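2 protein chains.
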Amino acid sequence: MKSKTDKKNQMIDAGLEIMYRKGYNATGIQEIVDNAGVPKGSFYNYFKNKEQFAVEILDHYTGEMLARQEHVLSNADLAPLARIESLYKAFVDEYVREGAFCLGCFAANLSQEMGDTSDKIRRAAEASIARMTRPVEVCLMEAREKGDISIVYDASILAVYIQNSWLGALMRMKASKSELSLMIFLEVLGKVILK
Amino acid sequence: MKSKTDKKNQMIDAGLEIMYRKGYNATGIQEIVDNAGVPKGSFYNYFKNKEQFAVEILDHYTGEMLARQEHVLSNADLAPLARIESLYKAFVDEYVREGAFCLGCFAANLSQEMGDTSDKIRRAAEASIARMTRPVEVCLMEAREKGDISIVYDASILAVYIQNSWLGALMRMKASKSELSLMIFLEVLGKVILK
Chain A
-6 MKSKTDKKNQ
4 MIDAGLEIMY
14 RKGYNATGIQ
24 EIVDNAGVPK
34 GSFYNYFKNK
44 EQFAVEILDH
54 YTGEMLARQE
64 HVLSNADLAP
74 LARIESLYKA
84 FVDEYVREGA
94 FCLGCFAANL
104 SQEMGDTSDK
114 IRRAAEASIA
124 RMTRPVEVCL
134 MEAREKGDIS
144 IVYDASILAV
154 YIQNSWLGAL
164 MRMKASKSEL
174 SLMIFLEVLG
184 KVILK
Chain B
-6 MKSKTDKKNQ
4 MIDAGLEIMY
14 RKGYNATGIQ
24 EIVDNAGVPK
34 GSFYNYFKNK
44 EQFAVEILDH
54 YTGEMLARQE
64 HVLSNADLAP
74 LARIESLYKA
84 FVDEYVREGA
94 FCLGCFAANL
104 SQEMGDTSDK
114 IRRAAEASIA
124 RMTRPVEVCL
134 MEAREKGDIS
144 IVYDASILAV
154 YIQNSWLGAL
164 MRMKASKSEL
174 SLMIFLEVLG
184 KVILK
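Line by line, the protein sequences are chains A and B. For the first sequence, the working numbering gives the first residue as -6, with consecutive numbering after it. For the second sequence, the working numbering gives the first residue as -6, with consecutive numbering after it.
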């Protein structure tokens, strides 16, 4: 028999997989429970409603992304700026390897679709993006302390700029189904922004 | 009696207003015809389906945006780079004046929500963004010819970078409901990118 935690996690995993691809409004609860292999009644034992479910999926997604960031940004063999470049390059390499140019950033997608109609989802998406920006900021602070960067902005300002530009590049990748926007982002990041 | 063109335009205007705010999937055809003040049957006289309708709304939106761009970018009193800065500043000023930090770019929103599920809408959104990028590219080419810019990238590459970063800033504005991402975009655009 499945434990409570198993059931909840299965619904979150299935929900992320479906909602990431189709968006919030096109995702039905029936589809989620069918994919998770749990009875429909279970859904409401764990989540108040679909909105609350989306917030929990976002939190799960953010945790996974932070773990991936941590893995790259904590590499003490690289200088801080090289770590930031290698973080985005690792994401780009993965998209190019997969070749479908789908998905993008789940938090950005939800904030675009639901930003003006669900304040709860919007706040959770904004919090997610802010959390994912912070490790880049920490790395930029380290670069600044070492005198590795000439751009005068605060690390917090520059980190927000870089992260937002990255989300724009991901959006365009999803629209164009090509790697061009990602390649241009990496070029300008390395040769103009992190100088 | 309303003319054919009137009816079609009323549905497109109503559709843009609703779909811009709520997204594609949350917008119903009934709501559109109610807001346009036309009978539901009329919808299918003009549009094959909701997908085709979204493509026509996108085209209408793009035409309006291009006219606004043209108005600023053709100002011969300003140097080409100053025209690009004033284009984005005009958009930012409008968002700040309105204060709600809603909507963003309609084409970007649709490409985020529908990019992996409707190839027709995705292609139309990509074409829209590409059309809106082109006038910026033309201005950058003029700046390059005059020797006003030191960044070595082709105008086409730099225009794509600037436009995508702008779309990222708009996305973040919609998530954060604040002007911060827009202000940071303008700062980095003026002091780093257009140098």
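By construction, the Cβ of each residue, glycine as well, lies at the ideal position given by its N, Cα and C atoms. The structure displayed is predicted, hence computed values, not measured ones.
Which residues in the same chain as F36 of chain B place their Cβ atom closer than 8 Å to its Cβ, once the five residues preceding and following it in sequence are excluded? M4, I22, I25, V26, F46
CB C95 of chain B to CB D109 of chain A, shorter than 9 Å? yes
Mind pulling the chain A residues with CB within less than 9 Å of G16 of chain B? Those within 9 Å of G16 of chain B in chain A are G16, Y17, N18, Q105, E106, M107, D109, T110.
Is it the case that the CB of A168 of chain A approaches a heavy atom of the ligand MN more closely than 8 Å? The ligand MN is absent from the structure shown, which contains no ligands of any kind.
When you compare each of A:Y154, A:E130, A:I177, A:S174 to Q62 of chain A by their alpha carbons, which one comes out closest? Checking every option, the nearest Cα to that of Q62 of chain A belongs to A:E130.
Selection from B:T(-2), B:G16, B:Y39 that minimises the alpha carbon distance to E106 of chain A: B:G16
Where C95 of chain B meets chain A, residues with beta-carbon distance less than 8 Å: G108, D109
The alpha helix (DSSP H) spanning F178 of chain B covers which residue range? 173 to 181
Please name the residue in A:V89, A:K1, A:L163, A:D52 whose C-alpha comes closest to that of F178 of chain A. A:L163
With a threshold of 16 other CB atoms inside 10 Å of the CB of V145 of chain B, please say whether the residue is buried or exposed. The residue in question, V145 of chain B, is exposed, as its Cβ has fewer than 16 Cβ neighbours within 10 Å.
Leaving aside the five residues before and after A152 of chain A along the sequence, list all residues of the same chain whose C-beta is less than 6 Å from its C-beta, in chain order. T126, V129, E130, L133
For Y39 of chain A, the three-state DSSP class (helix, strand or coil): helix
To the nearest angstrom, how far is the alpha carbon of L9 of chain A from that of L51 of chain A? 8 Å
Can you grab the Cα-Cα spacing for the pair A29 of chain A / F84 of chain A, in whole Å? One C-alpha to the other measures close to 27 Å.
Hey, G97 of chain A and K170 of chain A: beta-carbon distance below 9 Å or not? no
If we ignore side chains and look at the alpha-carbon of each, how far apart do I155 of chain A and G183 of chain A end up? 11 Å
Residue-chain proximity (G56 of chain B, chain A), Cβ-Cβ < 9 Å: Not an interface residue.
Give the interface partners of K(-3) of chain A over in chain B, defined as CB-CB distance under 8 Å, in chain order. Chain B residues near K(-3) of chain A: none, gap ~31 Å exceeds 8 Å.
My output table needs one value for V145 of chain A: the three-state DSSP class, helix, strand or coil. coil
N-terminal and C-terminal residue of the alpha helix (DSSP H) that C132 of chain B is part of: Per DSSP, the continuous alpha helix (DSSP H) segment holding C132 of chain B begins and ends at 112 to 138.
Return yes when the Cβ of A101 of chain B is within less than 9 Å of the Cβ of A118 of chain B, no when it is not. yes
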